[in-house]
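Quick notes on the structure that follows.
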Amino acid sequence: MPGVEHPPGSPQSSSGSCRSPGWGSTGPPRCARQGRDPGTQRPAGAQPGRVNAGHATEQSLPWELESTRRTAWLTAPPHLTSLPRWALWFFKNDKSKMWQANLRLVTKFSTVEDFWALYSHIQLASKLTSGCDYSLFKDGIEPMWEDNQNKRGGRWLITLAKQQRHTELDRFWLETLLCLIGEMFDDYSDEVCGAVINIRAKGDKIAIWTREAENREGVTHIGRVYKEHLGLSQKVAIGYQAHADTATKSGSLTKTKFVV
262 MPGVEHPPGS PQSSSGSCRS PGWGSTGPPR CARQGRDPGT QRPAGAQPGR
312 VNAGHATEQS LPWELESTRR TAWLTAPPHL TSLPRWALWF FKNDKSKMWQ
362 ANLRLVTKFS TVEDFWALYS HIQLASKLTS GCDYSLFKDG IEPMWEDNQN
412 KRGGRWLITL AKQQRHTELD RFWLETLLCL IGEMFDDYSD EVCGAVINIR
462 AKGDKIAIWT REAENREGVT HIGRVYKEHL GLSQKVAIGY QAHADTATKS
512 GSLTKTKFVV
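Following the numbering used here, the numbering of the sequence shown begins with 262 at its first residue and continues without gaps.
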């Protein structure tokens, strides 16, 4: 892709070979709710994903992570695996540049097959260096507060301790991606703009961004479904912050608008 700086291990595009498509345990996206197997077995002929771990070395991604909370699509016709168009962005902090200059579009995809091909070739979030972000947003929405689709919205924020990077970060991020492109939020999936993962020395963050912070019903529904898919207990609370508040305050000063 001319003029695009790709993150470590990323393909030049999402085309090419890929494993058999799979999806979340609650079923395929709204545009494809048929042709799924209710079991959790590995798809026939599928191989564990390979992730570039840096340099020229590749390693197998554990199948348990790759297939987390999804069932195999064994009989779905190819046209049922189509998705709304999504864009993956990569951010690498360089203090000598303006913030927007550090943000690069990696690629776009609109099928389940291309999603898994992309996911299998980019570096796991836990392998990124501090100061890097991945962002997955609907095509036409940029991963920044100032975008017209984001500026009235906010985010459900998951903050992880440093020790969770090697135990839960990759699972949480994959679950987040599956929730987005699988349209797991029912009638409120249209309220979702995208998701961001921030890799930071003090602790990593994952957030789902929605378009209208004042849509209490939609926002809280998204938060409850998201929390369930992450497998968080009822004792664990997650908070929602409006972008307008986050943009003017920092850290603990940011007001939590909703909690689930």
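Even glycine gets a Cβ: it sits at the ideal position worked out from N, Cα and C.
Start and end residues, beta strand (DSSP E) containing residue i
i, result
"R365", "L364 to T372"
"K466", "K466 to T471"
"R477", "Where R477 is concerned, there is no enclosing beta strand (DSSP E), although the alpha helix (DSSP H) it sits in stretches over R477 to L491."
Residue i, buried or exposed, once every other Cβ within 10 Å from all chains shown has been counted against 16
i, result
"A498", "exposed"
"N411", "buried"
"W417", "buried"
"V521", "buried"
"W360", "exposed"
"H490", "buried"
"E374", "buried"
"N459", "buried"
"H427", "exposed"
"E436", "buried"
"D447", "exposed"
"L441", "buried"
"R477", "exposed"
"S381", "buried"
"G443", "buried"
"H504", "buried"
"D465", "buried"
"Q495", "exposed"
"L514", "exposed"
"Q424", "exposed"
"E475", "exposed"
"G492", "exposed"
As assigned by DSSP and simplified to three states, the class of residue i
i, result
"L222", "Within the shown structure, residues of the chain are numbered from 262 to 521, placing residue 222 beyond reach of any answer."
"W225", "What is shown of the chain runs 262 to 521, which leaves residue 225 out entirely."
"W377", "helix"
"S275", "Residue placement at S275 cannot be trusted, given a pLDDT of 39 that sits under 50; what the coordinates show is reported in the next sentence. Three-state result, S275: coil."
"A386", "helix"
Identity of the residues DSSP links to residue i by a beta bridge
i, result
"K399", "W347"
"C393", "K353"
"Y449", "Its beta-bridge partners do not exist; DSSP assigns none."
"T420", "K466"
"V520", "G500"
Start and end residues, alpha helix (DSSP H) containing residue i
i, result
"T507", "H504 to T507"
Report task. Evaluate contact between the stretch 449 to 463 and the stretch 362 to 371, counting only Cβ atoms and requiring at least three cross-stretch pairs below 8 Å. Result -> No, the stretch 449 to 463 does not touch the stretch 362 to 371.
**Report entry** Any 3 or more C-beta pairs closer than 8 Å across the stretch 470 to 485 and the stretch 381 to 391
**Finding:** Judged by Cβ distances under 8 Å, the stretch 470 to 485 makes no contact with the stretch 381 to 391, as fewer than three pairs qualify.
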